[in-house]
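Peer 1:
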Amino acid sequence: MKTIEAVLHRDANSDLAWLQLPKPIVKGLGIDHRLSRQNRTDDRFIYLRDRPDARLVELVLEDKLVELSISEQVHEDDDWVERLAHYRPELLGDSVEYLEDQLIELPRADELNAQTICKYAEHLQDRAQRYCNVMLPEHEWVANLLEFKDGANEVYSLCQVASFSNTVGLMTESRRGNCEGYVCTAYLTRLLPHAGLVAVPLVSGKFWSWDEADRLSRKIQDWCR
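Residue 1 is where the sequence shown starts when you use the UniProt record's numbering, and the numbers rise one by one after that.
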């Protein structure tokens, strides 16, 4: 597990606190547009308000098997934070440290229900979006294909026939889009007697080059091995 040094700055005269992290680390998480302007920056660091943005960053780091080693600093000076710039995504700069994500465990067929398959799709979409934000910034979009579904039909498709195996697989494909560009799609799959290979689409991404669509396809396969 990787360890990152961080500092928790506390205001001695209030309950406010800011978590200090290196800019390249936060830039590499792919969540820069989800962070509030209430946060602050200087030349080297971003200072995250203790809640909720600091918690969001901590959750993403947990997904990457990263541990924070936090020291604490108390400020008697009431206006120390006012000397820092209000956060804007462009203030994170161009330097990026990308941290690899841990593997995603595929569900078993006997664990599948409407809630778990929707949660799995949401997790995969969130990770794919963060990866594209950092490593494939020219992507057009990344979509959760179950976002407006309850997942019941998808579970039925995968579990409609009894099988000797509870194994569920993951398949990706990259292809030319219907009108323009290229699309990468990830599917949950299961091999069923008589029905053959059943594939349920979970997440899709749109790109302007084949290489970028293929890179996301390979990355998703790496996550789910």
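Idealized CB from N, CA, C, for every residue including glycine.
Candidates 172, 166, 192: which alpha carbon is nearest residue 183's?
Peer 2: What you label residue 183 is simply residue 183 of the sequence shown in a count that begins at 1. Per the Cα distances, 172.
Peer 1: Whole angstroms is fine: what's the gap from residue 44's alpha carbon to residue 196's?
Peer 2: Indexing the sequence shown from 1 puts residue 44 at position 44. Indexing the sequence shown from 1 puts residue 196 at position 196. Each residue's Cα considered, the two are about 55 Å apart.
Peer 1: Starting from the Cα of residue 162, find the closest Cα among 178, 133, 194, 176 and give me that residue.
Peer 2: Taking the sequence shown and counting its residues from 1, one reaches residue 162 at position 162. That would be 194, whose Cα lies nearest to the Cα of residue 162.
Peer 1: Measure the C-alpha to C-alpha separation of residue 192 and residue 200 and round it to an integer number of angstroms.
Peer 2: If you number the sequence shown from 1, residue 192 lands on position 192. If you number the sequence shown from 1, residue 200 lands on position 200. In a straight line, the C-alpha of residue 192 is about 13 Å away from that of residue 200.
Peer 1: Can you name the start and end residues of the beta strand (DSSP E) that residue 10 belongs to?
Peer 2: The residue given as residue 10 occupies position 10 in the sequence shown. Residue 10 -> beta strand (DSSP E) spans 2-11.
Peer 1: Assuming residue 203 and residue 125 are in contact, meaning their beta carbons sit under 8 Å apart, how far apart are those beta carbons, in whole angstroms?
Peer 2: Sequence index remark: in the sequence shown, residue 203 carries index 203 (1-based). Sequence index remark: in the sequence shown, residue 125 carries index 125 (1-based). About 5 Å separates the two Cβ atoms, so the contact holds.
Peer 1: Looking at the secondary structure, which residues open and close the alpha helix (DSSP H) in which residue 132 lies?
Peer 2: Position 132 of the sequence shown, counted from the first residue, corresponds to residue 132. Residues 114-135.
Peer 1: Between residue 149 and chain E, is any beta-carbon pair separated by less than 8 Å?
Peer 2: The structure shown contains no chain E; it holds only a single protein chain.
Peer 1: I'd like to know whether the C-beta atoms of residue 7 and residue 71 end up nearer to each other than 8 Å.
Peer 2: Within the sequence shown, the letter at position 7 stands for residue 7. Within the sequence shown, the letter at position 71 stands for residue 71. Cβ atoms of residue 7 and residue 71: closer than 8 Å.
Peer 1: Please report the straight-line C-alpha distance between residue 73 and residue 169, rounded to a whole angstrom.
Peer 2: By 1-based counting over the sequence shown, the position of residue 73 is 73. By 1-based counting over the sequence shown, the position of residue 169 is 169. Those two C-alpha atoms are separated by around 48 Å.
Peer 1: Of the choices 65, 152, 35, whose alpha-carbon is the least far from that of residue 3?
Peer 2: Position 3 of the sequence shown, counting from 1, holds the residue named residue 3. Checking every option, the nearest Cα to that of residue 3 belongs to 65.
Peer 1: Please list the segments of the beta strand (DSSP E) lying wholly inside the region 126-194, counting only runs of 3 or more residues, in order along the chain.
Peer 2: Listed in chain order, the complete beta strand (DSSP E) runs (minimum 3 residues) inside the region 126-194 are 141-144, 169-176, 182-192.
Peer 1: In chain order, what residues of the same chain lie with their CB nearer than 6 Å to the CB of residue 229, ignoring the 5 residues before and after it?
Peer 2: In the structure as shown, the chain starts at 1 and stops at 225, and residue 229 therefore has no counterpart that could be examined.
Peer 1: Hey, how far is the Cα of residue 106 from the Cα of residue 80?
Peer 2: Translated into the one-based positions of the sequence shown, residue 106 becomes position 106. Translated into the one-based positions of the sequence shown, residue 80 becomes position 80. Distance between the alpha carbons of residue 106 and residue 80: 47 Å.
Peer 1: By the DSSP assignment, the alpha helix (DSSP H) with residue 62 in it spans what residues?
Peer 2: The residue labelled residue 62 in the question sits at position 62 within the sequence shown. Start and end: 53-63.
Peer 1: Within its chain, find whatever has a CB closer than 6 Å to the CB of residue 92; leave out the 5 residues flanking it on each side and keep chain order.
Peer 2: Residue numbering aside, residue 92 sits at position 92 when the sequence shown is read from its first letter. Closer than 6 Å at the Cβ level, and outside the excluded window around residue 92, lie 23, 27, 32.
Peer 1: With a cut-off of 8 Å on the beta carbons, I'd call residue 223 and residue 127 a contact; round off their distance for me.
Peer 2: If you number the sequence shown from 1, residue 223 lands on position 223. If you number the sequence shown from 1, residue 127 lands on position 127. 7 Å between Cβ atoms; contact.
Peer 1: For residue 40, which of helix, strand or coil comes out of DSSP?
Peer 2: Taking the first residue of the sequence shown as position 1, residue 40 is located at position 40. Here residue 40 sits in strand by DSSP.
Peer 1: Please classify residue 49: does DSSP put it in a helix, a strand, or coil?
Peer 2: As a first step, residue 49 must be located in the sequence shown, where it is residue number 49. Note: residue 49 maps to strand in three-state DSSP.
Peer 1: Quick one: what does DSSP say residue 102 is sitting in, helix, strand or coil?
Peer 2: For the purposes of this step, residue 102 is taken as the residue at position 102 of the sequence shown. Correct three-state label for residue 102: coil.
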